[in-house]
Structures are given as structure tokens and as C-alpha cells.
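Here the structure is laid out as C-alpha cells; the discussion comes afterwards.
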Amino acid sequence: MVYKEFIELTKVRLSHLYPNEEGRAIAVRLLEHFCGINSYMPLVEPFGAIAPEHLLRLESALQQLAAARPLQYVVGFQEFCGLKIVVREGVLIPRPETEELVLAASQYLIDSGKQYASVNILDAACGSGCIAAALSARFPNANVYACDISSEALKVTTENLKPSSQHLILKYDLLKSPQEQSPDELTDKFVSMKGQFDLIVSNPPYVTESEQKMMRPNVTEYEPHMALFVPDHNPLLFYKALASLADNHLKPSGAIFMEINEQFGRQTSELFNGGNYSENEIIKDLFGKDRVVKAIKK
């Protein structure tokens, strides 16, 4: 089989899930990953032959994709802010919208003149650790903490953000008070760090249960629901917890940046309208949708 034939085969095999152009892009990515070729090769050498040993792996990948398994789980990573982030079942796949969250938080540190300082940063509800890893790469002097309730997510975070004296990864339930957390040396240390964080960044669960029916099966059947969905009757569940966390852990002039559901931008922002914050802003994404809430503590 040659590159051109495999691309056409992929488009047909995945037509029940993806339009033609997306199917083509998936085929090229599979060829890149399993055959070790550059993405332009199918264009400049459409009749390049695929080695038999690669065909077996490509067929296995197509079977998984046809069953709606996400491409990122099939290849084992997702590109994010210039990094290869390890992903697998049990962790949310990083999205482009979250890259915009990282850019906004990064710009805050730069504008504050803290880009070279040993600032304390927290990635709350870290999932794969993509935010923590991206901020660590951009600000190598920073002390980066990452927390999540999921043990599987923390294992993946450890692969993306290598634990060190500067990077601490801990189990922490945002929906529980500090006193209710499971006793652990790292958790106890984190709880004691009141008023010591320069920056908190979070992409918590925010998709309402009623929105689930509008989502693709490769999301709803494979990605962890606990990282995606919140009850219709309490869509700001995690933002209320983050507001409490920010009140306790941010330094004066410290900031919190959160990715949000575009339907609840104003309501999320209002959680930070109290006397503890000097600035509160809703940042729109590239498509003009409310995507990030930023609040700076007095």
C-alpha cells in the first residue's frame, strides 16, 4: 500500500465519525507517528510505499479510531504549547482553548516582571499536567505545583512534569476543605502554604450534563466524565471551590486564571467581585467566546 491509498482508506473507514478533511489529517498524523515520515511526504511522494510492519500498526490504529477511540489515545500524546504531552484513558485530552489559558497566565507573569523569579504556581485540577508542564517550560525558575483528585491523572502528570525540588505533584480534592483532605506529607505542606502562591491556573470540569448529548462519541465514550461534566443545577461547582482556594493561597497581587464555560462567564466572574480582588476580567478566545476569567488579589 502507498501513502495515497492509505489516506483514501482512512477517509472511508472513518467517514461515520469524521468529515473527509479531518479524516485526511488523521491519516497523515498516523503515517507520521507509525511510519516516521514528515507530514509533507504524502503530498510530495503520494506513491511512497508503506513497509509491511507499519501496515499492521496502522490497521490496528484504524480499528481503534473506527470504534471512536480518540486519536490522541491511539498515538499516546497530544501537542500542547510546543510540548508533546503524554495522554491515555483516564485523563482529559488537552484542547487548543487551554493553550489560550496558558498564554494569558504567562502574559500576566511577564507583565508583572516575574518571568525570571522563583514564583509559586499551582495547576489546580491538573489532569494530564499540560498546564503545569507548559508553564514550567516557559518559566524555568518557577516552583510548579500540580494537584488533582484522580490517581490516574497524577500518574500521567508525573510523566509530563518530572517531580523535582521545584515541581510537586499531590492529590487534592478541590471540593473538600483542607481539614477533610487525606493526610499526606505533600498535601499537608500545600495546605500550610496560605498566601504563598503568585499564580493559580485551572481548567476544571465545566461542561453541563445537558451539553453531553451535543458532543462526539470519541469524547463521551472515552474521556473521563469526572474531568468534563458538572451538574446542570450547579454548573459553578468547581469555580466556587477555586474562589475559596484563591482566597486562602494567593499572595497579595497574585492572580488566578480559569478556563470557563462560555455560557457562564459573567456568573463565574462575579464569584471574584468581592473585596479581596482588585481586578476581575473575562477574556475572550480566538472565536470571540468568553473563555477565561482572570482575577487579581488585592
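All residue numbers for the sequence shown refer to the numbering used here, where the first residue is -17 and numbers rise by one.
Positions of the beta carbon are idealized from the N, C-alpha and C atoms, including for glycine.
- With 16 other Cβ atoms within 10 Å as the buried cut-off, status of aspartate 180: buried
- Message: Contact defined as beta carbons within less than 8 Å: I believe lysine 158 pairs with leucine 136. What is the distance between those atoms, to the nearest angstrom?
- Response: In fact, because the Cβ distance is near 16 Å, the residues do not count as touching under 8 Å.
- Task: Using the DSSP secondary-structure output, state which residues sit across from histidine 149 in a beta bridge.
- Result: Val126
- Item | Classification of valine -16 by the beta-carbon crowding that lies within 10 angstroms, buried from 16 upward | exposed
- Does the separation of the CB atoms of phenylalanine 220 and leucine 117 fall below 8 Å? no
- Task: Answer with buried or exposed for leucine 268, where buried requires no fewer than 16 other C-beta atoms within 10 angstroms of its C-beta.
- Result: exposed
- Query: Which word fits isoleucine 238, buried or exposed, when buried means at least 16 other C-beta atoms lie within 10 angstroms of its C-beta?
  - Reply: buried
- Item | Distance, proline 187 Cα to proline 145 Cα | 25 Å
- Message: Along the chain, where does the beta strand (DSSP E) containing glutamate 289 start, and where does it finish?
- Response: The structure shown does not extend to residue 289, since the chain spans only -17 to 280, so no value can be given for it.
- Message: Rounded to whole angstroms, what is the Cα-Cα separation between glycine 58 and serine 132?
- Response: 19 Å
- Message: Going by DSSP in three states, arginine 273 sits in which element: helix, strand or coil?
- Response: strand
- Query: Contact check, isoleucine 113 vs valine 138 under 8 Å by CB: the rounded distance?
  - Reply: About 13 Å; that fails the 8 Å criterion.
- Sort Pro217, Leu218, Glu134, Tyr259 by Cα distance to leucine 285 and report the nearest one. Residue 285 is absent from the model: the chain starts at -17 and stops at 280.
- Message: Going by DSSP, what residue range makes up the alpha helix (DSSP H) through leucine 65?
- Response: Note, leucine 65: premise wrong, no alpha helix (DSSP H); beta strand (DSSP E) at 65 to 68.
- What's the C-alpha gap between lysine 279 and alanine 228? 8 Å
- Message: What does the Cβ neighbour count give for arginine 248, buried or exposed, with the cut at 16 atoms within 10 Å?
- Response: exposed
- Message: Suppose the cutoff is 6 Å on Cβ atoms and the five residues either side in sequence are ignored; what does the same chain contact list for glutamate 141 look like?
- Response: Val68
- Message: Tell me the rounded alpha-carbon separation between glycine 177 and glycine 236.
- Response: 9 Å
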